[in-house]
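Engineer:
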Amino acid sequence: MPERIAVFTGGGDAPGLNAVIRAVTRAAILNYGWEVYGIRDGLEGVLLNRADGVVPLDLRAVSEILPRGGTILGTVNKADPRLYTVEEGRAIVTEWAKERLKAWVSAQGLRGVVAIGGDGTMNIGYQLFEAGIPLVGVPKTIDNDLVGTDLTFGFDSAIDVATDALDRLRTTARSHKRVMVLEVMGRNAGWIALHAGVAGGAHVILLPEIPFRLEAVCHALRRRWQRGSQYGLVVVAEGAYPVGGAPIYHEIGGKKRLGGVGEWLAQRIYELCGYEARALVLGHLQRGGSPSAFDRILATQYGVAAVRCVANNTFGVMVGLHGRHIRTVPLADVVGRQKAISPDDPLLDIARDLGIAFGDEEV
Ligand code: F6P
Numbered sequence: 108m109p110e111r112i113a114v115f116t117g118g119g120d121a122p123g124l125n126a127v128i129r130a131v132t133r134a135a136i137l138n139y140g141w142e143v144y145g146i147r148d149g150l151e152g153v154l155l156n157r158a159d160g161v162v163p164l165d166l167r168a169v170s171e172i173l174p175r176g177g178t179i180l181g182t183v184n185k186a187d188p189r190l191y192t193v194e195e196g197r198a199i200v201t202e203w204a205k206e207r208l209k210a211w212v213s214a215q216g217l218r219g220v221v222a223i224g225g226d227g228t229m230n231i232g233y234q235l236f237e238a239g240i241p242l243v244g245v246p247k248t249i250d251n252d253l254v255g256t257d258l259t260f261g262f263d264s265a266i267d268v269a270t271d272a273l274d275r276l277r278t279t280a281r282s283h284k285r286v287m288v289l290e291v292m293g294r295n296a297g298w299i300a301l302h303a304g305v306a307g308g309a310h311v312i313l314l315p316e317i318p319f320r321l322e323a324v325c326h327a328l329r330r331r332w333q334r335g336s337q338y339g340l341v342v343v344a345e346g347a348y349p350v351g352g353a354p355i356y357h358e359i360g361g362k363k364r365l366g367g368v369g370e371w372l373a374q375r376i377y378e379l380c381g382y383e384a385r386a387l388v389l390g391h392l393q394r395g396g397s398p399s400a401f402d403r404i405l406a407t408q409y410g411v412a413a414v415r416c417v418a419n420n421t422f423g424v425m426v427g428l429h430g431r432h433i434r435t436v437p438l439a440d441v442v443g444r445q446k447a448i449s450p451d452d453p454l455l456d457i458a459r460d461l462g463i464a465f466g467d468e469e470v
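Each residue of the sequence shown is one higher than the one before, counting from 108 in my numbering.
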């Protein structure tokens, strides 16, 4: 009987999830002759005992999904109280759920489970590994805030979307002599804002890692007006906040989500600098659609590397990009940590040399 593996996707979706599923499936079937099963909706397909909760994946099932956004397996970004308790924002897998998954893995005779997701999924995956499930993690998130890898897949595609938005906002900003504020995702890390801001030629970039002062933002904009460029492009990360302030959250369906700083900032820019300002929240456009070529390649590398880990019986690890190489890091070193932009990130200096303001300048 051929050996078997399972794969699932967890947390918010990101471009490239299907590319990983395809790579895992192809590498497992073509190189090892294994059978591959996809678990639907995170682990709920198995844990909630759904009739169609597990789908066999063969070469035909994954053909033509490489460029497709989203995930053919579905995903969940909330902790179902039947399966998880939440302690200090961290999902703790219940003993019942661990036992149920272990029983399923053993009944199916699975050689390994590939978990594709962000910090929440790696945290759950680590608990499952500790409970005895042979699991390998693959780092996904548009936010790029996972430690243990240079890059997560999904990030590059999100930057492309945000950069395109800036290109479009520039023409309308210039026509109306306005300040256009683009609020981008990223949670409490500013990777999308920094990279899209540089790629899109923003004049001000505001990051959670660098609390800003409104006077410095206004000073940077006024300088532009004085030089004869009477419009401004500001990129603000959803988690950015002023010195002495705090990130802005709103409630959706009883859940706290970051968002609203763009609108707040546009209003302050109008009041303090006197420039007409408009805000755009780019939102989930950054997560949807086809992955960039870079993300397709990265996702494919991760998928193949994860299958190699299963073949080598290397579990409790996450695959990650280190320079040009895919290496593994223990999940224990990944969970509970966040990769923020460090003050000595070279792109910060380069941006400053270009005259981009971060709102922390002396005025
Ligand atoms: O982690 C990805 C992400 O898109 C964040 O950038 C954003 O803050 C969050 O998810 C939004 O989550 P949801 O789609 O559940 O509202």
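Even for Gly, the Cβ is constructed at its ideal location relative to N, Cα and C. Quick caveat: nothing in here was measured; it's all calculated off a predicted structure.
To the nearest angstrom, report how far apart Val127 and Met108 are at their CA atoms.
Structural biologist: If I take the Cα positions, the gap works out to 25 Å.
Engineer: Alpha carbon to alpha carbon, how far is Glu142 from Ala204?
Structural biologist: The alpha-carbon atoms of Glu142 and Ala204 are separated by roughly 24 Å.
Engineer: Give every residue of the same chain whose Cβ lies closer than 6 Å to the Cβ of Ala296, excluding the five residues on either side of it in the sequence, and list them in chain order.
Structural biologist: Taken in chain order, the residues that qualify are Asp250, Asp252, Ala447.
Engineer: Which two residues bound the contiguous beta strand (DSSP E) that contains Leu155?
Structural biologist: Counting along the chain, Leu155 falls outside any beta strand (DSSP E), and DSSP gives it neither H nor E.
Engineer: Please identify the residue among Gly366, Pro188, Trp211 whose C-alpha is closest to the C-alpha of Thr201.
Structural biologist: Nearest C-alpha to Thr201: Pro188.
Engineer: Taking Gly244 as the reference, give the member of Tyr233, Glu237, Cys325 with the closest Cα.
Structural biologist: The option with the nearest alpha carbon to Gly244 is Tyr233.
Engineer: Are the beta-carbon atoms belonging to Arg275 and Tyr382 less than 9 Å from one another?
Structural biologist: No, these two residues do not count as a Cβ contact at 9 Å.
Engineer: Contact between the stretch 115 to 135 and the stretch 215 to 228 is defined here as three or more beta-carbon pairs at a separation below 8 Å; is this criterion met?
Structural biologist: Yes, the stretch 115 to 135 touches the stretch 215 to 228.
Engineer: Which same chain residues, not among the five before or five after Pro318, have their C-beta less than 7 Å away from its C-beta?
Structural biologist: Within the same chain, Pro318 has close Cβ partners Tyr348, Pro349, Val350.
Engineer: CA-CA distance, Thr421 and Gln374?
Structural biologist: Each residue's alpha carbon lies about 53 Å from the other.
Engineer: Please name the residue, chosen from Gly177, Asn156, Arg207, Gly149, that lies closest to Leu186 on a Cα-to-Cα basis.
Structural biologist: The residue asked about is misnamed: residue 186 is Ala in this sequence, not Leu. Among Gly177, Asn156, Arg207, Gly149, the Cα nearest to that of Ala186 belongs to Gly149.
Engineer: Check whether the Cβ of Ala121 lies closer than 8 Å to any heavy atom of the ligand F6P, and answer yes or no.
Structural biologist: Checking the Cβ of Ala121 against the ligand F6P gives yes.
Engineer: Could you name the residues of the same chain whose beta carbon sits closer than 7 Å to that of Trp371, not counting the 5 residues immediately before and after it, in chain order?
Structural biologist: Excluding residues within five positions, the ones whose Cβ falls inside 7 Å are Ile355.
Engineer: What's the C-alpha gap between Val305 and Leu155?
Structural biologist: If I take the Cα positions, the gap works out to 45 Å.
Engineer: With three or more beta-carbon pairs closer than 8 Å as the criterion, would you say the stretch 358 to 369 touches the stretch 277 to 291?
Structural biologist: Contact holds: three or more Cβ-Cβ distances are below 8 Å.
Engineer: Please state whether the Cβ-Cβ distance between Ala269 and Leu389 is less than 9 Å.
Structural biologist: In this structure, Leu389 lies closer than 9 Å to Ala269 by Cβ.
Engineer: Suppose you measure from the CA of Ser170 to the CA of Val131; what does that come to, to the nearest Å?
Structural biologist: Straight-line Cα distance between these residues: approximately 12 Å.
Engineer: Beta-carbon within less than 8 Å of Arg385's beta-carbon, same chain only, minus the 5 sequence neighbours each way: which residues are those?
Structural biologist: Once the five neighbours on either side are set aside, the close Cβ partners of Arg385 are Arg285, Val286, Met287, Val288, Ala373.
Engineer: With hydrogens ignored, establish whether the beta-carbon of Lys362 is closer than 8 Å to any heavy atom of the ligand F6P.
Structural biologist: Yes, the ligand F6P has a heavy atom inside 8 Å of this Cβ.
Engineer: Any heavy atom of the ligand F6P inside 8 Å of the beta-carbon of Thr256?
Structural biologist: No, the Cβ of Thr256 stays beyond 8 Å of every heavy atom of the ligand F6P.
Engineer: Run through the DSSP bridge pairs and tell me what Leu387 is partnered with.
Structural biologist: BP columns for Leu387 point to Leu289.
Engineer: Is Glu345 a contact residue of the ligand F6P, with contact defined as CB to any heavy atom under 8 Å?
Structural biologist: Answer for Glu345: yes, Cβ within range of the ligand F6P.
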